[in-house]
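Sequence order for the protein chains is C and G.
Each number in the working numbering comes from the position in the first sequence (counting from 1) with 141 added on.
Each number in the working numbering comes from the position in the second sequence (counting from 1) with 141 added on.
Take a look at the structure below.
There are 2 protein chains.
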Amino acid sequence: MSGMERRPTLHDVAREARVSAKTVSRVLNGEGPVAAATRERVLAVVARLGFRPNLMARSIRTGGPDSTVGLVLPELGNPFFGALAGGVEEAVRGRGLTVLLGCSGGDRAREAEVVGAFLARRTSALLVVPAGGGETLAAAAGAGVPLVYLDRPGPGADCVVSSNRAGARAGVAHLVAAGHRRIGFLGDLPASMYTRRERLAGWREALAAAGLPAPDALVAGARTAAAAERAALALLALPEPPTALFASNVNAATGALLALGRSGRRDVALLSFDDLPLAEVLEPPLSAVAQDPALLGATAARLALARLDGDATPPRTETVATRLVLRPARP
Amino acid sequence: MSGMERRPTLHDVAREARVSAKTVSRVLNGEGPVAAATRERVLAVVARLGFRPNLMARSIRTGGPDSTVGLVLPELGNPFFGALAGGVEEAVRGRGLTVLLGCSGGDRAREAEVVGAFLARRTSALLVVPAGGGETLAAAAGAGVPLVYLDRPGPGADCVVSSNRAGARAGVAHLVAAGHRRIGFLGDLPASMYTRRERLAGWREALAAAGLPAPDALVAGARTAAAAERAALALLALPEPPTALFASNVNAATGALLALGRSGRRDVALLSFDDLPLAEVLEPPLSAVAQDPALLGATAARLALARLDGDATPPRTETVATRLVLRPARP
DNA sequence: ATGAAAGCGCTAACAG
DNA sequence: CTGTTAGCGCTTTCAT
């Protein structure tokens with residue numbers, strides 16, 4: 142009964158195998174010439190002792206960044222960000238990198254804290270859904286760490302976003318094509334938010350393209366589903382109410398569905414930005430402008446890896462296409 | 142134009158502040174007595190240089206584990222696991238720990254790989270939703286690293302699960318109380334899965350308690366929503382079809398909803414295990430046995446932290462309560 | 001083909 | 001109150 146022993150080190154292996162530490166190091170890294178017999182012996186001891194090289198010690202000595210990628214998300218309850226994290230993890234694993242996960246809660250101070258901790262770990266790259274404007278991020282990451290803004294743009298670094306504007310335009314255009322002339326916009330709050338702004342612009346563009354007015358009275362905002370439900374009801378109570386609603390995010394869509402469901406109204410069309418898992422089983426099925434969060438994450442990872450590989454071109458923005466998912470009424 | 146300079150080290154700070162490295166270290170760690178004037182001077186230099194202590198170097202020297210917690214999930218697309226990760230992150234942040242995130246994809250080999258990488262980083266604890274039986278995990282974590290199984294039990298370590306059986310029993314009992322005598326069970330695959338087994342047991346218990354038979358004919362399994370839809374239709378086509386369905390997970394619920402929706406049947410009751418975001422807006426609203434994934438994660442983190450704090454009691458299993466969310470039909 | 005010594009950035013253990 | 005020395009586990013020189 143030995144209790145919990147100290148983890149074996151490279152030197153332990155060296156001693157047992159009767160070689161020098163450097164030789165063990167060589168075997169482990171497959172570098173330099175090593176006699177086949179020696180290698181066998183070393184490998185045997187490594188296996189017997191269950192030795193695992195200490196990655197931190199290695200990083201320290203080699204001086205390079207650690208084999209982690211920092212990912213900072215506003216929250217994880219939202220499936221969108223979960224899927225995004227999955228995309229990052231998968232894209233990064235092939236390179237032997239591990240994801241360090243942090244939550245900002247949408248708060249700049251916490252974001253700064255998390256980023257600080259990541260930088261202290263010498264993360265090799267930083268992928269961040271910026272909580273604020275991202276100014277502090279740009280400063281922090283000046284230290285030669287590739288930075289990629291996710292989902293929303295920021296200053297002085299690469300950025301990956303969905304085609305919010307074009308997607309919204311396509312969605313609203315579909316409602317227009319179905320004959321609607323007054324289409325309400327149910328947006329996020331605060332109204333200054335990047336994604337909300339872009340999607341609202343798309344709404345305007347689609348209406349303008351059809352020669353329709355885009356009165357502010359048809360624009361409402363809410364942060365929660367409950368608030369969105371009230372906002373939707375308010376829109377429908379207008380003297381000239383919309384005949385269709387464009388819900389620019391999941392909460393807005395949920396609120397709109399609640400409003401329509403509870404008031405029993407089946408004469409108002411609905412289309413949402415960001416697809417819902419149960420959209421297909423709703424009555425009527427809900428059409429949506431679907432994003433691809435996993436691809437968003439994977440793209441950001443790819444961008445960061447390119448920077449690690451020496452890409453020194455000016456910061457660029459990549460746009461991930463959205464897809465209009467039409468779900469006709471059931472027979 | 143300096144390009145990217147070397148990150149400043151503790152010695153750089155010491156030199157600029159005209160003190161020894163140890164003094165800077167003391168200031169940074171708030172340990173030992175330091176003259177106020179000296180501390181100010183050091184702090185000023187730290188700020189000016191933008192110095193951040195290298196956490197890896199510190200870990201190496203102190204010999205203790207790294208300030209990370211490894212979390213291994215089967216997938217991140219599933220909101221359940223996203224929320225779980227959020228719970229872990231939040232519980233662990235207070236202790237200054239960061240989450241290392243890995244995906245096993247439900248594959249034991251990949252799981253072993255990820256766990257190996259985490260161990261090499263000297264993660265201070267391991268929280269794993271085990272892909273297989275967890276035998277390899279128990280062995281790997283023997284190395285004095287606290288291990289907690291999440292969502293499903295495993296050998297030789299702590300474990301946190303939902304009250305699958307009692308939750309399912311309560312859900313089915315509710316259907317029974319509503320007068321149903323033939324209640325179909327729509328489960329996960331493979332049938333040997335822990336959560337499926339437990340939920341099926343709950344189904345049986347509820348029926349037995351009411352003196353009702355629990356024929357195998359009423360039990361069906363599926364892995365995807367599409368397959369669950371077919372399975373549900375098959376159950377409903379039975380000579381003595383069920384009048385209610387108990388969907389034991391999200392995919393099963395989705396499939397059942399599709400089956401009922403597409404076939405236009407409104408005479409079959411449905412209740413699901415694991416709540417759906419849009420359950421409230423469905424027609425009729427869907428009642429569910431809700432899990433609390435964030436609490437599941439937080440509980441696992443708490444268990445692991447206790448072990449880090451020296452708790453050496455035998456492994457224990459904590460059960461996180463489920464909650465029956467009844468959603469009456471709308472007026 | 002192998003090894004000895006030095007050192008990465010930091011802190012523990014002792015001075016003074 | 002502050003500094004010196006040594007050394008964590010590993011890799012980089014530079015020898016042999």
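For every residue, glycine included, the Cβ atom is placed at its ideal position computed from N, Cα and C.
- Considered as a whole, the segment 217 to 296 of chain G harbours 220 to 234, 249 to 261 and 276 to 281 as its complete alpha helix (DSSP H) runs of no fewer than 4 residues, in chain order.
- By the rule that beta-carbons nearer than 8 Å mark a contact, G:R403 touches chain C.
- Of the other Cβ atoms in all chains shown, fewer than 16 fall within 10 Å of the Cβ of C:D450; this residue is therefore exposed.
- A buried status is given to C:P206, since no fewer than 16 other beta-carbon atoms sit within 10 Å of its beta-carbon.
- When 8 Å is used as the limit between beta carbons, G:C244 is near these residues of chain C: G227, E230, E231 and R234, in chain order.
- Assigned with DSSP and collapsed to three states, C:A319 falls in coil, not helix or strand.
- With a contact defined as Cβ atoms closer than 8 Å, G:Y290 and G:V269 qualify at about 6 Å.
- Under the three-state reduction of DSSP, C:E459 is assigned to strand.
- Its chain contains G328, D329 and S389 as the residues whose beta carbon lies nearer than 7 Å to that of C:R337, once the 5 sequence neighbours on both sides are disregarded; these appear in chain order.
- If you draw a straight line from the Cα of G:S333 to the Cα of C:A309, it comes to about 45 Å.
- Cβ-Cβ distances below 6 Å link C:G325 to L359, L376, P383 and L386 in the same chain, with the five nearest sequence neighbours on each side left out; the list follows chain order.
- For C:P220, the chain G residues whose C-beta falls within less than 7 Å of its own C-beta are P220 and G223, listed in chain order.
- Boundaries of the alpha helix (DSSP H) harbouring G:R199: L196 to T203, taken from the DSSP string.
- By the C-beta density criterion, C:L316 is buried, having at least 16 other C-beta atoms within 10 angstroms.
- Secondary structure of C:V168 (DSSP, three-state): helix.
- When DSSP states are grouped into helix, strand and coil, G:L411 belongs to the strand group.
- Around C:T209, the same chain offers T239, L241 and T264 as residues with beta carbons nearer than 6 Å, after the five sequence neighbours per side are excluded.
- At a cut-off of 8 Å between C-beta atoms, C:A349 does not count as an interface residue with respect to chain G.
- Here C:V430 is near C:A311, since their CB atoms are less than 8 Å apart.
- Chain G places no beta carbon closer than 8 Å to that of C:S413, leaving this residue out of the contacts.
- Spatial neighbours of G:R306 in its own chain (CB-CB distance under 8 Å, excluding positions within 5 residues in sequence) are listed in chain order as E339, R340, A342, G343 and E346.
- Residue pairing by DSSP puts C:A385 in a beta bridge opposite C:I324 and C:A410.
- For C:R156, the uninterrupted alpha helix (DSSP H) run begins and ends at L151 to A158, by DSSP.
- C:D299 is not a Cβ neighbour of C:A272, given a cutoff of 8 Å.
- Counting the other Cβ atoms within 10 Å of the Cβ of G:R464 gives fewer than 16, which makes it exposed.
- Closest in C-alpha terms to G:L225, from the list G:V466, G:N392, G:V301 and G:T454, comes G:V301.
- For C:V183, the enclosing alpha helix (DSSP H) has its first and last residue at A177 to L190.
- The residue among C:T395, C:G246 and C:E181 with its C-alpha nearest the C-alpha of C:R189 is C:E181.
- Take the alpha-carbon of C:V466 and the one of C:L423: they are about 14 Å apart.
- Beta-carbon to beta-carbon, G:T150 and C:L419 are separated by about 54 Å, too far to satisfy the 8 Å threshold.
- Residues of the segment 440 to 461 of chain C with a Cβ closer than 9 Å to any Cβ of chain G: none.
- Around the CB of C:H152, fewer than 16 other CB atoms lie within 10 Å, so the residue is classed as exposed.
- Close partners of G:R471 in chain C (Cβ separation under 9 Å): G402, R403 and G405.
- Any Cβ of chain C closer than 8 Å to the Cβ of G:E346 would place that residue at the interface, and such an atom is absent.
- In terms of Cα proximity to C:E381, the closest of C:E370, C:R322 and C:L412 is C:R322.
- Cβ proximity to chain C below 7 Å picks out nothing from the segment 354 to 371 of chain G.
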